[in-house]
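Q:
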Amino acid sequence: MFEKSESLFEKSESLFEKSESLFEKSESLFEKSESLFEESESLFEESESLFEKSESLFEESESLFEKSESLFEESESLFEKSESLFEESEGLIALESTIADSSLKKIYGGMSDYD
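Quick look at the structure:
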């Protein structure tokens, strides 16, 4: 009987040591999971911050796009005005040339050298 109780004691001692070892392992795993949780929390905050920055950059790019559209429309309008002024100046040059020709004919009295 003593041997049985001794054997049972040794088994319980062995089980206790195993449970102690398992407890230490679970404690270590808990600490690792805690550390991973903190790391994931930090990464989440970082990703949240990056998302806010990207949102801000998107809004800024939208604003810049609208400004560039407005500038493009303004440049189109200025181009049309410059085309109109060019055509007007061509007309004025032609008129000036006609006036000059007419004046020269009057000055030189229709000389054959000029014609």
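Every letter in the sequence shown is one number past the one before it in numbering that gives the first Met the number 0, and letter 86, counting from 1, is 85.
Cβ coordinates follow ideal geometry from the N, Cα and C atoms, glycine included.
Remember, it's a predicted structure, so these values are computed and weren't measured experimentally.
1) Is residue 33 close to chain C, meaning its C-beta is less than 9 angstroms from at least one C-beta of that chain?
2) Using the C-alpha atoms, what's the distance from residue 97 back to residue 59?
3) Where residue 87 and residue 93 are concerned, what is the direct C-alpha to C-alpha distance, given to the nearest angstrom?
4) Leaving aside the five residues before and after residue 85 along the sequence, list all residues of the same chain whose C-beta is less than 7 angstroms from its C-beta, in chain order.
5) With H, G and I counted as helix, E and B as strand and the rest as coil, what does DSSP make of residue 90?
A: In terms of the structure at hand:
1) No chain C is present in this structure, which holds just one protein chain.
2) Straight-line Cα distance between these residues: approximately 56 angstroms.
3) Residue 87 and residue 93 have their alpha carbons spaced roughly 10 angstroms apart.
4) Taken in chain order, the list of residues that qualify is empty.
5) Here DSSP, grouped into helix, strand and coil, assigns residue 90 to helix.
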